[in-house]
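Report on the following structure.
Number of protein chains: 2
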Amino acid sequence: MIYLDNASTTFPKPDVVYDVVDKVQRTCAVNAGRGSYKAAQEASNIINDARKRMAKLVNIQDENRVIFAPSSTIAMNQVLNGLNFSQTTNVYISPFEHNAVVRPLYKLSQEYGFKINIIPFNADTQELDFNSMKNCFVVQHPDIVVVTHVSNVTGLIAPVDKIFTESKKYGTVNILDASQSLGMMPISLSSKIDFLVFAGHKNLYSNFGVGGFIYNSKVELKPFITGGTGADSLNPHMPDVMPVKYEAASHNVIAIASLNASLDWLESIGIENIFSHKKQLTEYLIEKLSALKSIKMHIPADKEKHIAVLSFTHKHYSSKELSDILNSNFDIAVRCGYHCAPYVHKLIGTEETNGTVRVSLGYFNEKSDIDALISALEELES
Amino acid sequence: MIYLDNASTTFPKPDVVYDVVDKVQRTCAVNAGRGSYKAAQEASNIINDARKRMAKLVNIQDENRVIFAPSSTIAMNQVLNGLNFSQTTNVYISPFEHNAVVRPLYKLSQEYGFKINIIPFNADTQELDFNSMKNCFVVQHPDIVVVTHVSNVTGLIAPVDKIFTESKKYGTVNILDASQSLGMMPISLSSKIDFLVFAGHKNLYSNFGVGGFIYNSKVELKPFITGGTGADSLNPHMPDVMPVKYEAASHNVIAIASLNASLDWLESIGIENIFSHKKQLTEYLIEKLSALKSIKMHIPADKEKHIAVLSFTHKHYSSKELSDILNSNFDIAVRCGYHCAPYVHKLIGTEETNGTVRVSLGYFNEKSDIDALISALEELES
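Chains A and B supply the protein sequences, listed in that same order.
Just so we're aligned, residue 1026 is where the first sequence starts under this note's numbering, counting upward by one.
Just so we're aligned, residue 1026 is where the second sequence starts under this note's numbering, counting upward by one.
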């Protein structure tokens, strides 16, 4: 299989992930607990190591601000549902947001009666329209801003620093969805980012079962998911201690061990090398696709703002037909459809095409994978 | 290590679990999707197989009523937060409930102003007081009843059929927390159980990362966690289709594959054989512990209502001290403390002892494990 669906899940993982998962499941896949029996302490140490590596990755000191969750979706639900809303809360999101952001916010907006504002889009550049956004902010002061760092549809790198600097002038709570970026791009948490949500199984190269958020804010977050925490059991509230306040239920030490191993691997490779490898592949992919007459790419005009994910539509095939052909006839794995991002398709003109074919690159892809894709698409040109 | 902490997590797992996890992580740990590329279809087939096995296990026809979640805690949060409450809702829970039940309910009770009623306890028998409960029901008609099938502190098997039959006379929503029972005891879902919550990593012998609930009710459950579902992406609501309505985010196909394998293994062993093996061990454990003067057991008077989990306190050591000694000097893994069950300790007299030492048995335990524990405790008698 030529795997080009890394925006869904990176695959394969580095061998260290497979090895550690197999080891941990056989030796210490028990309920973590400091001051408990040895295997439980070992599980606890693994979780703590992973927390420290995550803190280091985003350049914060206090690892207890790293909250683990079973997925970035659950983490985003925890963050969004933990905030305070009213009918007059001004929420801004980018048009590239995933349903992990849109659906929880939509549910909250129905409950509290606020409106979700979409940051304007520039159809010429296929980027966010920063100046229009600034004007919107003047008219309707932002309270909460959510931006996905890298679009899982077009690969646009959003100017999060600029956006969050601007919104912070109004004292916003800023939430960065780093599901598609953390591990591929360096992120140093500044005070402009209140909450950063991450997915382990994407660019952090862990297995499924671990995501989370970094709590980098003075804003109080209400616990959303509650349950057992292994300590302070007589307290009917979640214990008021980080990170346990937001980590109900047994930790998935196997998944967290896979993250611990993959973070170590990421450090040894160097995120800048991962980025540059993907950048080269992205440019090569664009160059090759540009030569195909039936293909229309949906990517930012400025190549500097584009990485790893590329959507296209085909003159003769629907995205579903084309991905089926690529799978059946060429054993090439791509995704078709809307990719769980509801707003962007109206803007890039792919709502009526039932979405796009999406190619998304991982560190383990090589030029030969792109050559295979291009060769298949060339066959379909005639 | 002599592992006697199976109520936290069963350990070890059957070899088929380890083997399938290692295979799946290396071959098809991608985002599941029917009608997608082969590895994604394979992942999808595994999930569907596991769903069918779960449906068969609880004797229901429609596997789409099996909702997978990352843990039983999250599943319980989904069920409880999905129900409708008001200030006058009469909620009854057993005094054996875990914080996965108590804390979400407590949070909801603060939000809506209802009171949580505890089903009366009989201190002589260490059981629920069924007749008092009936009287409570007459005075305050129950609306929602939550009962844990097997106590994770005392091993009491609750008379759920009797309780739920009685409560259904008032048209209740009945929720069974089967975290400690499903896989060890046969459960055939009757119409008296609206929602059954299960934990994969306990008596179902899967790895961490999968739990869920069985939706066996006509009651409408509001989605609590929302997000991407891989299909129907332009819909700002969760799609109104089972089970996807309650399954936001990428499926953890590795954990679900481990459940699929362990359910197959469970069927080959036979749940009745697992129960009888544990029953024998439980009786042997009680017999041996009875001979020790410093030990006070906290178990139901009727041995027929007791299985697999046993709590005790010690005349000379706190539960923390004793579990530390068992770990350090004898490499025996037990739990100490309150075991995330806040109400039961007041009733069994272990609140002021800072909880109990808990021994919990798994299928892979043998008499020799109990002999080792008893031998260690005998040394500490003198």
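Glycine included, every Cβ here is placed at the ideal spot set by N, Cα and C.
Computed from a prediction, not measured in an experiment: that's the story for all the values here.
Check                                                                                                                                                                                   : Outcome
What is the residue span of the beta strand (DSSP E) that Asp1327/A lies within?                                                                                                        : Segment: none, Asp1327/A is in no beta strand (DSSP E) and carries neither H nor E.
Taking C-alpha atoms, which residue in Ser1385/A, Lys1340/A, Lys1321/A, Gln1305/A lies nearest to Glu1329/A?                                                                            : Gln1305/A
Which partner residues does His1339/B have in the DSSP bridge list?                                                                                                                     : Ile1320/B
For a contact defined as C-beta to C-beta under 7 Å, what are the partners of Arg1059/A on chain B?                                                                                     : Going along chain B, no residue has its Cβ under 7 Å from Arg1059/A, so there is no contact; the nearest lies around 12 Å.
Consider the Cβ of Gln1205/B: report whether some Cβ of chain A lies at a distance smaller than 8 Å.                                                                                    : no
Would you say the segment 1355-1362 of chain B touches the segment 1265-1275 of chain B, given that touching needs at least three Cβ pairs under 8 Å?                                   : no
Does the segment 1168-1182 of chain A come close enough to the segment 1114-1131 of chain A that 3 or more CB-CB pairs lie under 8 Å?                                                   : yes
Taking the beta carbon of His1262/A as the centre, do at least 16 other beta carbons fall within 10 Å, making it buried, or is it exposed?                                              : exposed
Quick one: Cα of Arg1051/B to Cα of Glu1067/B, how far?                                                                                                                                 : 13 Å
Report the three-state DSSP secondary structure of Asp1257/A (helix, strand or coil).                                                                                                   : coil
If you compare alpha carbons, which of Leu1133/B, Gly1237/B, Gly1058/B, Val1091/B is closest to Ala1256/B?                                                                              : Gly1058/B
Roughly how many angstroms separate the alpha carbons of Lys1045/B and Pro1145/B, rounded to a whole number?                                                                            : The identity of residue 1045/B in the sequence shown is Val, whereas the question assumes Lys. Near 45 Å, if we compare the C-alpha coordinates of Pro1145/B and Val1045/B.
Less than 8 Å separating the beta-carbons of Lys1159/A and Lys1193/A?                                                                                                                   : no
Give the secondary structure of Ile1085/B by DSSP, where H, G and I count as helix, E and B as strand, and everything else as coil.                                                     : coil
Which whole-angstrom value is the C-beta distance of His1166/B and Asn1199/B, which I expect to be below 8 Å?                                                                           : The Cβ separation is near 14 Å, so there is no contact.
With distances taken Cα to Cα, identify the nearest neighbour of Phe1093/A among Ser1215/A, Pro1264/A, Ala1316/A, Gly1236/A.                                                            : Gly1236/A
Comparing the C-beta of Phe1146/A with each C-beta of chain B, is any distance below 8 Å?                                                                                               : no
Where does the unbroken alpha helix (DSSP H) through Gly1107/A begin, and where does it stop?                                                                                           : 1097-1107
When you compare only the Cα positions, how much space is there between Asn1106/A and Asp1074/A?                                                                                        : 28 Å
Which residues does DSSP pair with Met1210/B in a beta bridge?                                                                                                                          : Leu1207/B
Based on the DSSP output, what are the partners of Ile1357/B in its beta bridges?                                                                                                       : Ile1027/B
Quick one, which of Lys1321/B, Pro1039/B, Ala1032/B has its alpha-carbon nearest Leu1284/B's?                                                                                           : Pro1039/B
His1323/A and Thr1179/A: beta carbons closer than 8 Å?                                                                                                                                  : yes
Do Ala1286/A and Gly1234/A have their beta-carbon atoms positioned less than 8 Å apart in this structure?                                                                               : no
So is Asp1030/A buried or exposed if we call it buried at 16+ other beta carbons inside 10 Å?                                                                                           : buried
Would you mind reading off the limits of the alpha helix (DSSP H) that contains Phe1300/B?                                                                                              : 1296-1315
Less than 8 Å between CB atoms is the rule here; does Val1055/A satisfy it with respect to chain B?                                                                                     : yes
Find the nearest neighbour of Lys1187/B within the set Asn1177/B, Leu1201/B, Ser1176/B, judged by alpha-carbon distance.                                                                : Leu1201/B
His1302/A: buried (16+ other C-beta within 10 angstroms of its C-beta) or exposed?                                                                                                      : buried
Does any residue of chain D bring its CB to less than 8 Å from the CB of Thr1098/A?                                                                                                     : Here the protein chains are A and B, and chain D is not one of them.
State whether the segment 1076-1095 of chain B contacts the segment 1367-1381 of chain A, with contact taken as three or more CB pairs (one from each stretch) at a distance under 8 Å. : no
At 8 Å on the CB atoms, spell out the chain B contacts of Asp1030/A, in chain order.                                                                                                    : Val1055, Asn1056, Tyr1062, Ala1065
Mind listing which residues of the segment 1123-1137 of chain B have their C-beta closer than 7 Å to chain A's C-betas, in chain order?                                                 : His1123, Asn1124, Ala1125, Val1127, Arg1128, Pro1129, Tyr1131, Lys1132
In chain B, which residues lie with their C-beta within 7 Å of the C-beta of Asn1277/A?                                                                                                 : Phe1233, Gly1234
Out of Pro1268/A, Ala1401/A, Ala1064/A, Leu1288/A, which one is the CA nearest neighbour of Lys1081/A?                                                                                  : Leu1288/A
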